[in-house]
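Protein chains: 2
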Amino acid sequence: MPFSDDPSATPFEQVPKAVIGRLSLYLRELQYMLKRGEKTTSSTHLGRLLGFSDTQVRKDLAYFGQFGYPGIGYRCEELMNAIKTIFGTHQRWPVALVGIGNLGRALLRYKGFSQQGFEIVSAFDIREELAGTTINEISIYHVDFLQKIISKQQIKLGIIAVPSNAAQFAADQLVEAGVLGVLNFAPVTVALPPHIHTVGVDLAIELEQLAFSVQHLQTPEAETGG
Amino acid sequence: MPFSDDPSATPFEQVPKAVIGRLSLYLRELQYMLKRGEKTTSSTHLGRLLGFSDTQVRKDLAYFGQFGYPGIGYRCEELMNAIKTIFGTHQRWPVALVGIGNLGRALLRYKGFSQQGFEIVSAFDIREELAGTTINEISIYHVDFLQKIISKQQIKLGIIAVPSNAAQFAADQLVEAGVLGVLNFAPVTVALPPHIHTVGVDLAIELEQLAFSVQHLQTPEAETGG
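One line per chain: the protein sequences are D and B, in this order. For the first sequence, our numbering gives the first residue as 1, with consecutive numbering after it. For the second sequence, our numbering gives the first residue as 227, with consecutive numbering after it.
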């Protein structure tokens, strides 16, 4: 476990969920900084980019240990790698995709996943005619083979991109295959066993946040994704 | 402005961004409750569904006024309508979409938008052969007509679903047309004038959050989307 040797680190299960959410935003900004050739940063700078206070940034990072250097601040690459280790994305995560409609096809070509250490390694659909084809070099199989292939590939994360009425079936199949985390794009909630983690992607939430800002905020804060 | 008559309400521009984010989650849960026929709820119940404390829920809602009733709690429909009024989604928002690739097609069919009061009313692509066609009854125009049509339809929200190398061009066109909020699905940051609000959708963030939970959390909290 990362930083378990750091006495100032908090056990992961005690870190508030909101902090883990902001950790993703810090990671993105650090990656942008490194692209721009910036070697170091500060809680103030990082906070300003995201519309958080420097105190917030320092408090969030302190859950995981000591990262700042007196007179230097944070070393971007070191902090980026530390956060990746917390997420486990310093190693590549294989992911399975169920549903090869328009959204599924878009996800198979989505560069944002591989940039962050996730790789869709197998995709599944119920339509016979898609079985045996590939998109973006990813093999598509009939859903009948889902359990066998996913268990064999030891995939722990699955993405559901099927129509609402097929979402529960897809979720059940993934869980049977040994998946522990399910990202659900279908606009319905799926019932899953208690040990399975699931996140429902609700694209309207981003529009709601925008609608609020457009109506009520004069000067945008640094707004960011996710 | 909603609740401006409520002396206990905070001016919108002074409400922390994180509170507005959680407001979307409260809205979803209230909508699920109403679907299930639940008429009233409590900060404890709402909080438990989302993994927040009841104090957090009460504190968040208090920014906007007094919603609870002694001995009753919150009336689901009333609170839902109040939150919709805050987002402005008690009225229908017309939205423009740029980019009719796989993602764009998926978004044109995405039911989650209309469920929350957003309606894609016009879509644009650079490919001549798509102009004049419709998807899900939404007209697709050549991008040359973007400015004229969006200004005429007085659309204030735009969605970018074009390849990365076309994202800045699409953003500039939307801004020229009078759009004030831009939802960007292209995995690049676009430069926009200071008065424009923008949110970048980073689908990998959800996977990061899942990866963290799968590795470090034994019993999932109520996890949720967005």
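Virtual Cβ for every residue (Gly too), placed ideally from N, Cα, C. Remember, it's a predicted structure, so these values are computed and weren't measured experimentally.
Counting only residues of its own chain and dropping the five nearest sequence neighbours on each side, D:E78 has a CB closer than 8 angstroms to the CB of F67. The beta carbon of B:V369 sits closer than 6 angstroms to the beta carbons of F350 and I352 from its chain, once the five residues preceding and following it are set aside; these are given in chain order. B:R318 carries a coil assignment under DSSP once its states are collapsed to helix, strand and coil.
With fewer than 16 other Cβ atoms from the protein chains shown falling within 10 Å of its own Cβ, D:Y32 counts as exposed. If the five residues before and after B:W319 are omitted, its C-beta is found closer than 8 angstroms to the C-beta atoms of G343, F344, E345, K382 and L383, all from its own chain and listed in chain order. Taking 7 angstroms as the threshold, the shortest C-beta distance from B:V440 to chain D falls below it.
Each residue's CA atom was taken as its position, placing B:L260 and B:T267 some 10 angstroms apart. If you look at B:F350, you'll find it in the beta strand (DSSP E) that goes F344 to D351.
Annotation: D:I83 to B:A332 spans about 32 angstroms, alpha carbon to alpha carbon.
Distance from the Cα of B:T424 is smallest, within the candidate group B:N391, B:I385 and B:L433, for B:I385. Straight across, the Cα-Cα distance linking B:Y252 with D:V57 is about 25 angstroms. Chain-order list of chain D residues neighbouring B:R331: N102, by C-beta distance under 7 angstroms.
The residue from B:P237, B:F395 and B:I361 with its alpha-carbon nearest to that of B:L372 is B:F395.
Contacts between B:T315 and chain D, judged by CB atoms closer than 7 angstroms, involve E208 and A211 in chain order.
For B:E239, the nearest CB of chain D lies under 7 angstroms from its own CB, placing it at the interface with that chain. The criterion of a C-beta distance shorter than 7 angstroms is not satisfied by B:G407 and B:S377. In the three-state DSSP reduction, B:H423 falls in the strand class (E or B). Rounded to whole angstroms, the Cβ separation of B:V388 and B:V324 is 6 angstroms, and the two are in contact under 8 angstroms. Within 9 angstroms of the CB of D:F118, the CB atoms of chain B belong to A430, L433, E434 and A437, in sequence order along the chain.
Per DSSP, the beta bridge partners of B:H368 are B:D351. Remark: C-beta atoms of B:F438 and D:I20 approach each other more closely than 7 angstroms.
Neighbourhood of B:A244 in chain D, by CB distance below 8 angstroms: A18, in chain order. Nearest CB-CB separation between D:P187 and chain B: below the 7 angstroms threshold.
At least one CB of chain B lies nearer than 7 angstroms to the CB of D:G181. DSSP places D:V214 within a helical segment (H, G or I) once states are collapsed to three. Comparing alpha-carbon positions, the option among B:R335, B:P420, B:E354 and B:K374 lying closest to B:I364 turns out to be B:R335. B:L383 has a beta carbon lying within less than 7 angstroms of a beta carbon in chain D. Annotation: D:F185 to D:P70 spans about 44 angstroms, alpha carbon to alpha carbon. The DSSP-derived three-state label of B:V283 is helix.
For B:I386, the uninterrupted beta strand (DSSP E) segment begins and ends at L383 to I386. Close partners of B:S365 in chain D (Cβ separation under 9 angstroms) are lacking, with about 18 angstroms as the shortest Cβ gap.
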